[in-house]
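Protein chains in written order, with my numbering: chain A, 28 to 208; chain B, 17 to 325.
Beta carbons: idealized from backbone N, C-alpha and C, even for Gly.
Here's the structure, in structure tokens; my notes come after.
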């Protein structure tokens with residue numbers, strides 16, 4: 028397995044910083060906007076963005092985590108059942124502008140499930156998508172992100188992993204390529 | 017570990033501790049789901065489930081049906097009272113007829129012990145036991161333990177006494193297995209005639225005095241006296257049973273510590289438990305009912321994951 032670092036910790040920080048300002052550009056003071064991180068890995072992107080946004084804006088930004096396990100389209104098509112993570116959305120999303128947040132946009136199927144799961148909480152005014160990495164030309168569904176950290180070209184056999192200081196020990200984005208690809 | 021070790025849920029006896037913990041972890045998520053504005057997830061859209069009730073039930077049947085519907089499964093209901101069973105059809109024939117209508121899972125309550133296991137060995141669909149005579153009632157035990165875990169933080173190390181008609185109770189047997197697998201200590205308490213002779217071989221304590229049992233325990237699970245299963249008289253009168261083994265506010269308040277009170281329902285108010293105890297804040301009875309739906313969703317979800325496409 029060949030390993031290539033796409034974003035190092037400095038780049039991850041810069042990218043998150045830019046994304047924060049892009050969000051502020053579109054959502055002003057976040058008075059009618061909520062951010063929702065998709066479990067399991069989108070919540071780490073959300074946690075960082077929340078920290079940055081709150082530092083810039085000087086006020087609390089409403090955030091929640093959404094688990095999409097029960098809305099996936101591959102139940103019974105996998106070897107093992109998927110084990111759900113925690114959903115905590117303790118606010119009303121009816122009429123709100125929602126930004127869904129995930130780490131990697133690949134086939135778009137997770138986001139499709141995420142939209143379904145989100146609508147179980149009410150009818151938002153508008154839903155946008157933010158993703159740290161966009162693997163372009165790999166979509167199975169017509170889904171695109173509104174805010175992208177970095178767009179990359181990948182093969183289906185490759186794997187992109189977003190790693191965090193709190194979990195893996197370092198902030199970075201790594202592309203894994205199998206030897207015979 | 018994210019797969020059940022069993023293909024059917026016929027009894028708690030067959031489950032491992034990991035299985036039970038997996039069911040609880042999944043049920044935590046479903047509990048959150050059933051408190052959403054839209055209480056339904058699309059996971060089981062392509063699954064059909066038959067609820068076969070050869071014995072009366074309101075709570076369990078409603079709970080299973082709600083759990084199935086909240087998972088988006090298609091549901092067909094069957095009760096023996098209004099069926100061809102009365103015309104002499106055998107269990108296997110009845111079930112095979114239902115299965116040929118492309119049913120993927122069967123939830124069954126039956127008056128004969130072992131009926132669920134018998135069925136699971138003979139049909140292609142997944143079987144969930146919703147009570148088989150005086151044998152097991154696995155989902156009830158799971159929701160009881162889940163409710164204890166929710167109220168007290170964990171089941172490990174807790175002391176639980178099961179009071180009443182242990183002899184005829186499938187809830188008691190399933191609860192003993194489930195609580196022991198999770199590391200709790202279990203005691204049974206009741207009149208000598210309603211305690212099975214070899215029950216201590218399951219590793220439970222036996223106590224004939226209600227007050228002594230209550231002073232020992234953290235949780236008291238009060239069972240219903242099942243008059244419909246008692247072919248002979250096991251105690252002189254209901255009034256005498258109530259005097260000896262009924263839980264009232266007076267006893268509860270005189271205990272050295274605050275215990276939790278559970279009841280699998282249906283309650284005979286004023287027999288095994290008085291109204292003020294059933295409605296007190298120490299009572300978990302309504303939590304049990306709410307958790308029943310979440311736990312059954314978890315069981316069905318995890319078993320459905322094993323249905324081959």
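By the criterion of Cβ-Cβ separation under 8 Å, what are the contact partners of residue 33 of chain B in chain A?
-> Here the premise fails: no neighbours, minimum Cβ distance about 16 Å.
Can you pull the DSSP bridge partners for residue 127 of chain A?
-> A:63 and A:156
Report the rounded CA-to-CA distance for residue 111 of chain A versus residue 100 of chain A, giving the unit in angstroms.
-> 14 Å
Helix, strand or coil at residue 211 of chain B according to DSSP, with G and I counted as helix = coil
May I have the straight-line CA-CA distance separating residue 188 of chain A from residue 195 of chain A, to the nearest angstrom?
-> 11 Å
Check each candidate in A:185, A:207 and A:193 and name the one with the smallest Cα separation from residue 201 of chain A.
-> A:185
Every unbroken alpha helix (DSSP H) inside the stretch 75 to 149 of chain B [4 residues or more] = 75 to 86, 107 to 115 and 131 to 136
Output the distance between the C-alpha atoms of residue 157 of chain B and residue 39 of chain B, rounded to the nearest integer angstrom.
-> 12 Å
Exposed or buried, residue 228 of chain B, counting other C-beta atoms within 10 Å across all chains shown (16 or more means buried)?
-> exposed
Is the stretch 279 to 287 of chain B close to the stretch 132 to 150 of chain B, with three or more CB pairs under 8 Å?
-> no
The beta strand (DSSP E) spanning residue 31 of chain A covers which residue range?
-> 29 to 34
Are residue 115 of chain A and residue 152 of chain A touching if we call contact CB-CB under 7 Å?
-> no
Candidates B:108, B:199 and B:177: closest to residue 233 of chain B by CA position | B:177
Using a cut-off of 8 Å between C-beta atoms, extract the partners of residue 104 of chain A located in chain B.
-> 325
Indicate whether residue 180 of chain B and residue 239 of chain B have their beta-carbon atoms separated by less than 7 Å.
-> yes
What number of angstroms, rounded off, separates the C-alpha of residue 104 of chain A from the C-alpha of residue 106 of chain B?
-> 35 Å
Chain A beta carbons: is any one of them nearer than 7 Å to that of residue 312 of chain B?
-> no
Is it the case that the Cβ atoms of residue 88 of chain B and residue 125 of chain B are separated by a distance below 7 Å?
-> no
Would you verify that the beta carbon of residue 272 of chain B is, or is not, closer than 7 Å to some beta carbon of chain A?
-> no
Examine chain A for any beta-carbon lying closer than 7 Å to the beta-carbon of residue 315 of chain B, and answer yes or no.
-> no
Would residue 207 of chain B count as contacting chain A if we go by Cβ distances under 7 Å?
-> no
How far does the alpha helix (DSSP H) with residue 75 of chain A in it reach, from first residue to last?
-> 69 to 84
8 Å contact criterion, which residue 312 of chain B and residue 155 of chain B should meet: CB distance rounded = 5 Å
Taking 7 Å as the CB-CB limit, is residue 18 of chain A close to chain B?
-> Within the shown structure, residues of chain A are numbered from 28 to 208, placing residue 18 of chain A beyond reach of any answer.
Three-way DSSP call (helix, strand, coil) for residue 41 of chain B in this model | helix
Name the chain B residues that come within less than 9 Å of residue 180 of chain A, Cβ to Cβ?
-> Simply none; closest approach about 33 Å.
Per DSSP, which residues does residue 277 of chain B bridge with? Please list them.
-> B:236 and B:299
Nearest chain B C-beta to residue 149 of chain A closer than 7 Å, yes or no?
-> yes
Quickly, what does DSSP pair residue 30 of chain B with across the bridge? List them, please.
-> Paired residue(s): none; residue 30 of chain B is not in a bridge.
Which residues of chain A have a Cβ atom closer than 9 Å to the Cβ of residue 141 of chain B, listed in chain order?
-> Under the 9 Å cutoff, chain A gives no residues; its nearest Cβ is about 14 Å from residue 141 of chain B.
Could you check where the beta strand (DSSP E) with residue 144 of chain A kicks off and where it finishes?
-> No beta strand (DSSP E) holds residue 144 of chain A; the alpha helix (DSSP H) holding it covers 136 to 146.
Are the stretch 289 to 301 of chain B and the stretch 78 to 87 of chain A touching, with three or more C-beta to C-beta distances below 8 Å?
-> no
What are the residues that DSSP puts in a beta bridge with residue 201 of chain B?
-> B:175
Looking at the C-beta of residue 54 of chain B, does it have a partner C-beta in chain A at a distance below 7 Å?
-> yes
Under 7 Å between C-beta atoms of residue 221 of chain A and residue 199 of chain A = Coverage of chain A is limited to positions 28 through 208, which leaves residue 221 of chain A absent and any answer about it impossible.
Report all residues from its chain with a CB closer than 6 Å to the CB of residue 47 of chain B; omit the five preceding and five following residues, and keep chain order.
-> 310
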